[in-house]
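Everything on this sheet refers to the single structure shown next.
In UniProt numbering, the protein residues as written are 1 to 142.
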C-alpha cells in the first residue's frame, strides 16, 4: 500500500508534478483498436519526465485490457503502480496509481498509457477557448 511509506516530497519538497485537466479529445489506440477516448484527460508534467495524459477510468475500454499482475513498480512521488496489458500480449501498455499520494491525488481513477507502445492522438477542444464570449449569430435580413 502506497501510504505505508512517506511521499518523496518529504525529502524533495521542490520536486514538481503539474496536473492539469484538459478538454481536448484524447484517443489512445493499440494495434488499431481504440482502447481509450476522452475529453476529460489530465495532462501531467513531471520533473525529469515527458508529459503524460492520464485518461479517466470511465473512458477506458477495460474489455480490451487485462491486469498485468506480474508487473509492479513504485514511484516515490506518485505511489505504487498497477499495470494493464492487452490479453494477447505480455507487455503492459498502461498503468494506474490506485492509491496515489495526496500531492497528486487528482490522478486517482485515471490511467496513463505508454506513448511508445500505443498511439495517442490529441484533438481539438470544443469550443477551442472556454470562457470567451462566443459570437452571436447574424440576424436574418428581411
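Backbone N, C-alpha and C fix where the C-beta goes; we use that ideal spot for every residue, glycine too. Keep in mind the model is a prediction, meaning the values are calculated, not measured.
Through-space distance from residue j to residue i, alpha-carbon basis
i           : j           : result
residue 2   : residue 100 : Here the model assigns residue 2 a pLDDT of 48, short of 50, so the residue's position is not dependable and the matter cannot be decided.
residue 90  : residue 121 : 24 Å
residue 124 : residue 47  : 26 Å
residue 83  : residue 111 : 9 Å
residue 53  : residue 13  : 24 Å
residue 49  : residue 127 : 30 Å
residue 56  : residue 79  : 18 Å
residue 86  : residue 66  : 6 Å
residue 116 : residue 105 : 25 Å
residue 70  : residue 24  : 33 Å
residue 42  : residue 107 : 7 Å
residue 130 : residue 37  : 21 Å
residue 4   : residue 109 : 20 Å
residue 180 : residue 31  : The requested residue 180 is not part of the displayed model; the chain covers only 1 to 142.
Integer-rounded CB distance, given that residue j should sit under 8 Å from residue i
i          : j          : result
residue 44 : residue 51 : 7 Å
residue 27 : residue 40 : 13 Å between Cβ atoms; not a contact.
Own chain partners of residue i with C-beta closer than 8 Å, once the 5 adjacent residues on each side are dropped
i           : result
residue 103 : 7, 9, 17 and 77
Neighbourhood of residue i by C-beta distance below 7 Å, restricted to the same chain and skipping five residues each side
i          : result
residue 29 : 35, 118 and 119
residue 11 : none
Under 8 Å between C-beta atoms of residue i and residue j
i          : j          : result
residue 68 : residue 92 : yes
Contacting residues, own chain, Cβ-Cβ under 6 Å from residue i (five flanking each side not counted)
i           : result
residue 114 : 93
residue 96  : 82 and 111
- Message: Quick check: the segment 16 to 31 against the segment 67 to 74, are at least 3 beta-carbon pairs closer than 8 Å?
- Response: Of all C-beta pairs linking the segment 67 to 74 to the segment 16 to 31, fewer than three are shorter than 8 Å, placing the two stretches out of contact.
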